[in-house]
Amino acid sequence: MRELERVLKLPQVLIGTATELLYPGDYFDALLTDPPYCDNVPYGDLSDFFYVWLKRTVGDLYPELFATPLAPKSQEMVADASKAGGMDQAKQRFEEMLTQAFGEIRRVLKPDGIAVIVFAHKTTEAWETIINALLEAGLYMTASWPIHTEMQARLRAHESAALASSIYMMCRKRLSDEVGEYSRVREELERVLPERLVELWQQGISGADFSMAAIGPAVEIFGRYGRVERLSGEAVSVRELLGLARRLTAEFALRRILKNGHLAGVDETTRFYLLWRWNYGRGLVPFDEGRKLAQSVGVDLELLVREGLIRKNGSYLRLLGPRERAFPARFAPKTMIDSLQLATLNWERGREKELEEVLASVGSLEAFWQVAQAISDSLPEGDKEKQLLHGLLGRRDKTGAQGPGLFHD
Numbered sequence: 014m015r016e017l018e019r020v021l022k023l024p025q026v027l028i029g030t031a032t033e034l035l036y037p038g039d040y041f042d043a044l045l046t047d048p049p050y051c052d053n054v055p056y057g058d059l060s061d062f063f064y065v066w067l068k069r070t071v072g073d074l075y076p077e078l079f080a081t082p083l084a085p086k087s088q089e090m091v092a093d094a095s096k097a098g099g100m101d102q103a104k105q106r107f108e109e110m111l112t113q114a115f116g117e118i119r120r121v122l123k124p125d126g127i128a129v130i131v132f133a134h135k136t137t138e139a140w141e142t143i144i145n146a147l148l149e150a151g152l153y154m155t156a157s158w159p160i161h162t163e164m165q166a167r168l169r170a171h172e173s174a175a176l177a178s179s180i181y182m183m184c185r186k187r188l189s190d191e192v193g194e195y196s197r198v199r200e201e202l203e204r205v206l207p208e209r210l211v212e213l214w215q216q217g218i219s220g221a222d223f224s225m226a227a228i229g230p231a232v233e234i235f236g237r238y239g240r241v242e243r244l245s246g247e248a249v250s251v252r253e254l255l256g257l258a259r260r261l262t263a264e265f266a267l268r269r270i271l272k273n274g275h276l277a278g279v280d281e282t283t284r285f286y287l288l289w290r291w292n293y294g295r296g297l298v299p300f301d302e303g304r305k306l307a308q309s310v311g312v313d314l315e316l317l318v319r320e321g322l323i324r325k326n327g328s329y330l331r332l333l334g335p336r337e338r339a340f341p342a343r344f345a346p347k348t349m350i351d352s353l354q355l356a357t358l359n360w361e362r363g364r365e366k367e368l369e370e371v372l373a374s375v376g377s378l379e380a381f382w383q384v385a386q387a388i389s390d391s392l393p394e395g396d397k398e399k400q401l402l403h404g405l406l407g408r409r410d411k412t413g414a415q416g417p418g419l420f421h422d
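For what it's worth, the working numbering labels the leading residue of the sequence shown as 14, then goes sequentially.
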């Protein structure tokens, strides 16, 4: 086989570490990689399942590949707390190895070469890690595309808010260490990102995939610079820049979800609820991801937990629908989503008088009905909350004129 590869110039299959590529500098026109992320998948341990059988069947043909009893793991690029002395140390080691691997990609790329990096992860922490590693290695993103790749039926997708798409990032060598001035970078983000978001929206990308796909265009803007600074010389972190991109994306998505409706009449908590349902449905969401979504619309996540809108499940969060939420006696709605959930329960239980009282207390009825319709549209067919909202929406034509906005900025 090796002789055939040499004579016929077939593709070579090599085994080695991504942190020390066996090629000279400026060698490749293009590289494609789908890197691991932190502790998501224990690749080495999973490989043991087939490694032992391959060793028995073809180990004599490739002795150099099967020299160890089990799959080699010393240079595995995963965060394994049991081997690193704790998760913090394991994450640090992972990030260092990822940066080294991207540095090797930069080294072996030709000056005009491209690297395509595939990534599918829903947390901003994961994106901060991979983008930091890219920038530190001297690579920057020039284009990105979301491509439908992930299996929704896979085990990890059942209870979690899983993605359907991977983001394909085209990167090039950064040939200068130009410093970007923050106010100008921010101005460009605010001008260019909405234009790119329109393209993503028109492609039919929605939910968590839309939020993740929006990261690419943002990084294309600030990733051109070796460093972004304020006028004081203070460096602006990738985390802060991604936070800005997330706020811009949230506002854009809300306007589109509401079909450019009465956004000014919708309070921050209701915006949060609507974005959560649109992004994650009923899936469990990591605490830090929920916190960052709350920050993007200006609400206090812990307050929502105390008020019973969100339930903590260990390190995960679940947003509660009207049937799941425990309303105290004589509950007075503070937000539009409070009123909407009470209204759906009163409709379901046939409490006409109480339903009329709730609707009468809502300031902007037009915004109220738009939010109800938008949440319903965000939920799958057969969902109980969707059914309640659909029933309540049947009352829309029976309500009176709307009053002044009660729940607003």
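Note that beta-carbon positions come from the ideal geometry of N, C-alpha and C, so glycine has one too.
For residue i, write down the residues that DSSP places opposite it in a beta bridge.
| i | result |
| --- | --- |
| Leu159 | It should be noted that the sequence gives Pro, not Leu, for residue 159. Partner(s): Ile180. |
| Phe41 | Leu122 |
| Thr46 | Ile130 |
| Leu248 | According to the sequence shown, residue 248 is Ala rather than Leu. Ala248 is bridged to Glu242. |
| Ile323 | Leu332 |
| Arg364 | According to DSSP, which records beta bridges pairwise, Arg364 is partnered with nothing at all. |
| Arg185 | Tyr153 |
| Gly99 | Partner(s): none; Gly99 has no beta bridge. |
| Val192 | Arg240 |
Which residue's Cα is closest to the Cα of residue i: the options?
| i | options | result |
| --- | --- | --- |
| Glu434 | Ile160, Ala128, Val26, Leu306 | Since the displayed the chain opens at 14 and closes at 422, residue 434 lies outside it and no answer follows. |
| Glu369 | Val384, Ser352, Asp61 | Ser352 |
| Arg185 | Asp222, Leu122, Gln105 | Leu122 |
| Gly404 | Thr30, Gly327, Arg187, Thr357 | Thr357 |
| Phe107 | Glu33, Leu355, Glu89 | Glu89 |
| Gln386 | Arg119, Gln25, Glu394, Lys399 | Lys399 |
| Trp158 | Glu361, Ala227, Gly98 | Ala227 |
| Ile118 | Ser60, Val131, Leu152, Glu201 | Leu152 |
| Ala263 | Val211, Ser245, Leu316, Pro24 | Val211 |
| Ala120 | Val298, Pro207, Leu34 | Correcting the residue type first, residue 120 is Arg in the shown sequence and not Ala. That would be Leu34, whose Cα lies nearest to the Cα of Arg120. |
| Val129 | Glu233, Val318, Asp47, Glu315 | Asp47 |
| Ser8 | Leu402, Pro55, Val71, Asp73 | Here the chain covers residues 14 to 422 and nothing more, so residue 8 does not appear. |
| Leu206 | Glu365, Phe223, Arg331 | Phe223 |
| Arg338 | Gly294, Leu392, Gly321 | Gly321 |
| Val312 | Leu330, Ser328, Thr283, Leu297 | Thr283 |
| Phe340 | Ser328, Met349, Gln354 | Gln354 |
| Leu254 | Ala277, Gly193, Arg209, Gly294 | Gly193 |
| Pro393 | Arg364, Arg295, Arg331, Val375 | Arg295 |
| Glu361 | Ser391, Thr348, Lys397, Arg331 | Lys397 |
| Ile160 | Leu213, Pro76, Ala231, Asp61 | Leu213 |
| Arg209 | Gly363, Val375, Ala156, Gly246 | Ala156 |
| Phe132 | Met183, Gly98, Ala97 | Met183 |
| Asp42 | Gly278, Gly395, Gly126, Leu330 | Gly126 |
Can you tell me the Cβ-Cβ gap for residue i and residue j, rounded? I've got them flagged as a contact below 8 Å.
| i | j | result |
| --- | --- | --- |
| Leu333 | Arg324 | 6 Å |
| Leu78 | Ile144 | Going by Cβ atoms, the distance from Leu78 to Ile144 rounds to 34 Å, so no, they are not a contact pair. |
| Gly116 | Ile180 | Not a contact, Cβ separation roughly 21 Å. |
| Pro335 | Leu401 | 6 Å |
| Leu257 | Leu202 | 6 Å |
| Ala84 | Tyr64 | 4 Å |
| Gly303 | Leu287 | So it is not a contact: roughly 14 Å between Cβ atoms. |
Can you find the residues in the same chain that come closer than 6 Å, C-beta to C-beta, to residue i, ignoring five residues on each side of it along the sequence?
| i | result |
| --- | --- |
| Ala31 | Ala114 |
| Arg260 | Ser309 |
| Asp190 | Gly239 |
| His134 | Tyr50 |
| Val446 | The shown model of the chain, from 14 to 422, leaves out residue 446, and the question about it has no answer. |
| Ala94 | Met100, Ala103 |
| Leu111 | Ala146 |
| Ala150 | Thr112, Phe115, Gly116, Arg119 |
For the beta strand (DSSP E) holding residue i, just list the boundary residues, first then last.
| i | result |
| --- | --- |
| Lys305 | Lys305 -> not in any beta strand (DSSP E); alpha helix (DSSP H) instead, spanning 300-310. |
| Val198 | Here Val198 belongs to no beta strand (DSSP E); instead the alpha helix (DSSP H) covers 195-215. |
Please list, in chain order, all residues of the same chain as residue i whose beta carbon is under 7 Å from its beta carbon, the five residues on each side excluded.
| i | result |
| --- | --- |
| Gln415 | For Gln415, the predicted structure reports a pLDDT of 47, less than 50, and the residue's modelled location is therefore unreliable. The matter cannot be settled from this model. |
| Gly220 | Trp291, Asn292 |
| Tyr6 | With the chain covering 14 to 422 only, the question about residue 6 has no answer from this structure. |
| Val318 | Lys325 |
| Val198 | Ile234, Phe235, Val241 |
| Thr348 | Asp280, Thr282, Thr283, Phe420 |
| Arg409 | Trp382 |
Which residues in the same chain have their Cβ closer than 8 Å to the Cβ of residue i, if we skip the five residues on either side of it in sequence?
| i | result |
| --- | --- |
| Pro124 | Asp39, Lys186, Leu188 |
| Leu406 | Trp382, Ala385, Gln386, Ser389 |
| Ser328 | Pro299, Phe300 |
| Arg237 | Tyr153, Arg187, Glu191, Gly193 |
| Val424 | No statement about residue 424 is possible, as the shown extent of the chain runs from 14 to 422 and does not include it. |
Alpha helix (DSSP H) containing residue i: first to last residue?
| i | result |
| --- | --- |
| Val65 | 56-71 |
| Gly294 | No alpha helix (DSSP H) holds Gly294; DSSP gives it neither H nor E. |
| Lys397 | 397-406 |
| Gly229 | 228-235 |
| Ile218 | Segment: none, Ile218 is in no alpha helix (DSSP H) and carries neither H nor E. |
| Ile28 | Per DSSP, Ile28 belongs to no alpha helix (DSSP H) and is neither H nor E. |
| Leu378 | 378-391 |
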